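For the sequence shown, counting from 1, position 28 maps to 28 in the UniProt record's numbering; every step adds exactly one.
A virtual CB, placed ideally from N, CA and C, is assigned to each residue, including glycine.
All figures in this text were calculated on a predicted structure; none of them were measured in a lab.
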Amino acid sequence: MEGHRVDLLIGARLVLQIDGGTHVGRQREEDVAHDAALMLRGYYVICVGYTQVIERWEEVQERIMRAVAQGLHLAR
């Protein structure tokens with residue numbers, strides 16, 4: 001993933017991106033472009049907000065587990 005920072009890589013291909021409150025405007029546009037670049041390189045990207053991680057972790061965990069159950073974390 002040279003040149004592409006990620007918050008968490010699960011397995012070989014599943015990326016969890018955690019966006020904070022500063023991810024608006026220009027920052028948000030850059031994040032969307034970054035996530036698109038990762039997807040074009042074969043990664044599956046799950047984007048969540050920091051508040052979701054802290055206050056509703058069960059929802060985030062469920063998304064991750066569904067993706068893993070589908071094998072989205074495995075190299076192709």
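Sequence-distant residues of its chain with Cβ nearer than 7 Å to residue i (five each side left out)
i: Gly49; result: Asp19
For residue i: DSSP bridge partner residues
i: Ile18; result: Val48
i: Leu38; result: Paired residue(s): none; Leu38 is not in a bridge.
i: Leu9; result: Val15
Contact set for residue i: own chain, Cβ-Cβ below 6 Å, skip 5 residues either direction
i: Leu14; result: Tyr44, Ala67, Leu72 and His73
Residue environment, residue i, which counts as buried when at least 16 other CB atoms sit within 10 Å
i: Ile35; result: As written in the sequence, residue 35 is Asp, which differs from the Ile given in the question. Per the 10 Å Cβ criterion, buried.
Separation of residue j from residue i, as counted between CA atoms
i: Thr51; j: Trp57; result: 9 Å
i: Arg63; j: Ile46; result: 8 Å
i: Leu40; j: Glu30; result: 15 Å
i: Ala69; j: Gln27; result: 32 Å
i: Val60; j: Leu38; result: 20 Å
C-beta atoms of residue i and residue j nearer than 8 Å
i: Arg76; j: Gly25; result: no
i: Tyr17; j: Val32; result: Note that residue 17 is Gln in the sequence shown, not Tyr. Their beta carbons are not under 8 Å apart, which means Gln17 does not touch Val32 by this criterion.
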